[in-house]
Every structure is written in structure tokens, then in C-alpha cells.
Amino acid sequence: MAMSAIDRSIRGSVNALSVALNERDSYTQAHCSRVLMLAEALGIACGISTEDHAHLRICALFHDIGKLGVPDSVLLKPGRLTPDEWVLMKAHSEQGERIFRATEIAKLELTAPIIRHHHESYDGSGYPDGLKGEAIPPLSRILLVVDSYDAMSHLRPYNKARSHREIIHVMESEQGEKLDPFMFGNFLRLIEHSALRVN
Ligand SMILES: [Fe+2]
């Protein structure tokens with residue numbers, strides 16, 4: 019099918035923001051690309067609709083775009099963040115929603131909340147709004163599962179890279195607390211045979 023002018027415009031906006039993020043922090047851009055691939059697989063495993071799949075793809079690419087607004091001293095800090103610095107880092111989900119809304123590239127009433135809520139925990143202890151369980155958009159819950167796996171599998175200044183077994187052990191302990199148990203169960207089955215499984 020030929021790509022429409024709107025499709026080309028959307029792809030251009032995504033690419034421009036992706037390049038901008040890469041200029042700030044190449045890790046985050048690479049992380050978003052891996053999260054996209056894992057989210058696509060988990061979306062299929064969870065049986066989401068074709069329309070939701072399109073929303074999930076674009077939100078996976080954009081979910082951390084708000085890190086453009088996090089100061090270098092925090093985003094690139096070679097060490098653990100202080101409580102005040104964590105406040106600045108956590109603001110990226112709301113900043114991401116604002117940046118994403120400004121692009122007007124998708125059905126914003128459906129997609130912007132997915133970015134805003136991608137760090138909400140299943141038990142209500144997440145941010146920015148402390149949403150709980152089914153009140154959290156399902157696609158945000160999918161993103162959190164794959165985001166968690168990828169974040170733990172790669173070295174960061176404040177986190178060592180863990181093995182697959184170590185990551186799954188942590189994630190199992192987070193079922194029902196941070197992670198949606200249904201979505202984590204599906205992830206557990208697919209990651210064992212995924213090319214994105216770490217050693
Ligand atoms: Fe994030």
C-alpha cells in the first residue's frame with residue numbers, strides 16, 4: 019500500500035524527535051528502539067487490536083521523549099540520583115505527554131495518556147498520578163513490562179546490567195505490585211524464545 023502524505027508526515031515527526039533524543043542521550047534512543055520490538059511482540063501475545071497495535075508502536079518509540087526536558091546533570095549523571103534529581107527524572111512522563119501532544123501526529127486522546135502513564139505501578143505506587151490496576155491504560159501496562167526488562171538488561175550509570183535469570187527473578191517479585199500479572203505472564207512465555215532475550 020502506498021504511503022500517504024499523512025503517513026510520511028508522521029514518520030518524519032517521529033524520526034526528527036528520535037534524532038533529537040539521540041543527540042542528547044544515545045542510550046535512550048537505542049532503548050526506545052528495543053522497547054518498540056519487545057512491545058510489538060507482547061502486544062500480539064496479549065491479543066490487542068490492530069488499532070491498538072498502531073498506537074502501541076508509536077508510544078513505544080515516544081515513551082521516553084520527555085527525557086529531552088531532563089537536565090544533562092541528571093540525565094547523564096555518572097552515579098546514583100539524589101531524591102531531588104529523581105523528581106526531575108520522574109517528570110519525563112508528563113513532559114513526554116506535552117511534547118507528544120504538540121506533534122498532533124496521532125489520535126492524541128487515545129495515545130497521549132499511554133505516554134503519561136507508562137510509569138504507573140499496578141498497585142498504585144507509580145507516577146505521575148498513582149493510578150492503580152485496570153485504571154492504568156492497558157498499553158501503558160504493556161510498555162512498563164518491556165521497559166523494565168530492557169532497562170535491567172543494559173548497563174546504566176546507576177544500574178548494572180543483569181542476566182536474563184536475574185531480571186526475571188526481579189520481575190516475578192514485582193508481579194501484582196509494579197507489573198500487571200497477566201501481561202507479565204505473557205511476557206515470560208514470549209521472552210524465552212525472543213531474539214531480544216539477554217544471556
Ligand atoms: Fe520512562
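Position in the sequence shown (first residue = 1) + 18 = this note's numbering.
Using N, Cα and C, we set each Cβ at its ideal position, and we do this for glycine too.
These figures come from a predicted structure and were not determined experimentally.
In the DSSP assignment, the alpha helix (DSSP H) including residue i goes from what residue to what residue?
i, result
"R75", "68 to 80"
"D102", "101 to 108"
"Y247", "What the structure shows of the chain is the stretch from 19 to 217, and residue 247 is not part of that stretch, so it cannot be assessed."
"S158", "156 to 171"
"D90", "90 to 93"
"P222", "Outside the displayed span of the chain (19 to 217) sits residue 222, for which this structure offers no information."
"S191", "182 to 192"
"N204", "199 to 209"
For residue i and residue j, which I take to be in contact (beta-carbon distance under 8 Å), what is that distance rounded to the nearest angstrom?
i, j, result
"L206", "S166", "Incorrect: roughly 12 Å between the Cβ atoms, too far for contact."
"L94", "A38", "Going by Cβ atoms, the distance from L94 to A38 rounds to 15 Å, so no, they are not a contact pair."
"T7", "S31", "Given that the chain is displayed from residue 19 to residue 217, the structure contains no residue 7 and the question cannot be resolved."
"P155", "I132", "5 Å"
"M201", "L60", "7 Å"
"H135", "L149", "6 Å"
"E112", "A130", "E112 to A130, Cβ: 11 Å. No contact."
"L74", "A48", "Actually they do not touch by this definition, with Cβ atoms about 19 Å apart."
Once you ignore the five residues that flank residue i on each side, which residues in its own chain have a CB closer than 8 Å to its CB?
i, result
"N177", "A169, M170"
"L126", "F118, R119"
"V163", "L60, M189, L197, D198, M201, F202, F205"
Within the same chain, show all residues whose beta-carbon is closer than 6 Å to that of residue i, passing over the 5 residues directly before and after it, in chain order.
i, result
"A72", "none"
"T46", "L39, D82, K85"
"M19", "Confidence is the limiting factor: at M19 the pLDDT is only 43, short of 50, which leaves the residue's position unreliable, though a coordinate-based value still follows. There are no such residues."
"K108", "Y145"
"H110", "G84, K85, V88"
Residues in the same chain with beta-carbon distance under 7 Å from residue i, minus the five sequence neighbours each way, listed in chain order, please.
i, result
"L106", "V88, P89, V92"
"I185", "Y167, M170, S171"
"L79", "V32, S36, C50, L54"
"A213", "none"
Neighbourhood of ligand 1 [Cβ distance below 7 Å to any heavy atom], ordered by chain position: H81, D82, H110, S111, H136, H137, D165
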